[in-house]
Amino acid sequence: MVRLPRLKNQLNNQVVETGTRDNENCPFLILLQRWQQWEKWVWSMEFYVNEDTAWLRRIVHWVVNVVIVLALAWFLVYGFCAQVLVSGNSMQPVLAADDVVLVNRLAYDVGKPERFDIVVFEREDRKKNVKRVIGLPGETVQIKGGYVFIDSELLEAPDGLEQVSLAGRADTPIQLEEDEYFLLGDNRDSSEDSRFSNIGNVKREQIQGKVWFRIYPLLKLDLIRSK
1 MVRLPRLKNQ LNNQVVETGT RDNENCPFLI LLQRWQQWEK WVWSMEFYVN EDTAWLRRIV
61 HWVVNVVIVL ALAWFLVYGF CAQVLVSGNS MQPVLAADDV VLVNRLAYDV GKPERFDIVV
121 FEREDRKKNV KRVIGLPGET VQIKGGYVFI DSELLEAPDG LEQVSLAGRA DTPIQLEEDE
181 YFLLGDNRDS SEDSRFSNIG NVKREQIQGK VWFRIYPLLK LDLIRSK
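Taken in order, the sequence shown gives residues 1 to 227; the numbers are from the UniProt record's numbering.
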């Protein structure tokens, strides 16, 4: 059975140090107290005391721990992530149409989008798209001769991501503002992205999170890497 008194003491100390006014009203501490009460009750049951029922004790231990792990996993996934259905093939070969991915909504609360991150952003028409970050705030982006240039320097990218057959509005240098990003789909010939005026430069506030895991199809479960 999971024992939590040490964790409770640590949390009590942490709450005091961070200035919470009323520790007794902390929901998480209340939950821990309820857990300890339930734990004492279970351990006082006859089959826990009886040596002949040790096998049952082990089964209960296993079941309870599995339930706890699954509950924590559910909380982490659905508390901090969002599910997004990929539409279209603009991100092939990494992502295909009808793939379902988990998006880390907290990734950019503690950091900033980096080059080659795969992100979900909301367009002005409220549709959600999945694209890859190419240009960063303050940079100049241009596509010429089938290649991407950042601040007049050829972009060094893995797996041919620097090659673009259609420049669109990036046939002349595009200066990104301090809160703007230039996004492209990996499947350049089948992607509606920052090269086109209906998408344009994507503002930081439009980016909703970083794609980090594919959960469907089940045979393609995979961690999505940026590079």
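Heads up, the beta-carbon is just placed ideally off N, CA and C, and yes, glycines get one too. This structure is a prediction, so every number in the text was calculated from the model and none was measured.
| Query | Result |
| --- | --- |
| What is the DSSP secondary structure of N129, reduced to helix, strand or coil? | strand |
| Roughly how many angstroms lie between the CA atoms of E153 and E178, to the nearest whole one? | 20 angstroms |
| What do you get for P113, buried or exposed, if any count of 16 or more other CB atoms within 10 angstroms of its CB means buried? | buried |
| Less than 8 angstroms separating the beta-carbons of S165 and G146? | yes |
| To the nearest whole angstrom, what separates the beta carbons of R169 and R195, a pair I think is in contact under 8 angstroms? | 6 angstroms |
| Scan the UniProt domain "Peptidase S26" (60-215) and note each continuous alpha helix (DSSP H) run of 4 residues or more that stays entirely inside, going in chain order. | none |
| Label E218 either buried or exposed according to how many other C-beta atoms from any shown protein chain fall within 10 Å of its C-beta, with 16 as the threshold for buried. | It should be noted that the sequence gives Leu, not Glu, for residue 218. Exposed: under 16 other Cβ atoms inside 10 Å. |
| Hey, out of N201, S191, A157, whose CA is closest to P173's CA? | N201 |
| Assuming the contact rule is C-beta atoms closer than 8 angstroms, S87 and N187 should be a hit. Round their C-beta distance to whole Å, please. | Actually they are not in contact, since the Cβ atoms of S87 and N187 sit about 13 angstroms apart, beyond 8 angstroms. |
| Buried or exposed: where does residue 229 fall if 16 or more other Cβ atoms within 10 Å of its Cβ makes it buried? | Past the edges of the chain, shown from 1 to 227, lies residue 229, and the structure says nothing about it. |
| Which same chain residues, not among the five before or five after V211, have their C-beta less than 7 angstroms away from its C-beta? | V101, V103, I118, V119, V120, V130, I224 |
| Pick helix, strand or coil for L223, following the three-state DSSP scheme. | strand |
| Where does S191 land, buried or exposed, given buried means 16+ other C-beta within 10 angstroms? | buried |
| Classify D22: buried if its beta carbon has 16 or more other beta carbons within 10 angstroms, exposed otherwise. | The predicted model places D22 with a pLDDT of 44, which falls under 50 and marks its position as unreliable; any figure quoted below should be read in that light. So D22 ends up on the exposed side. |
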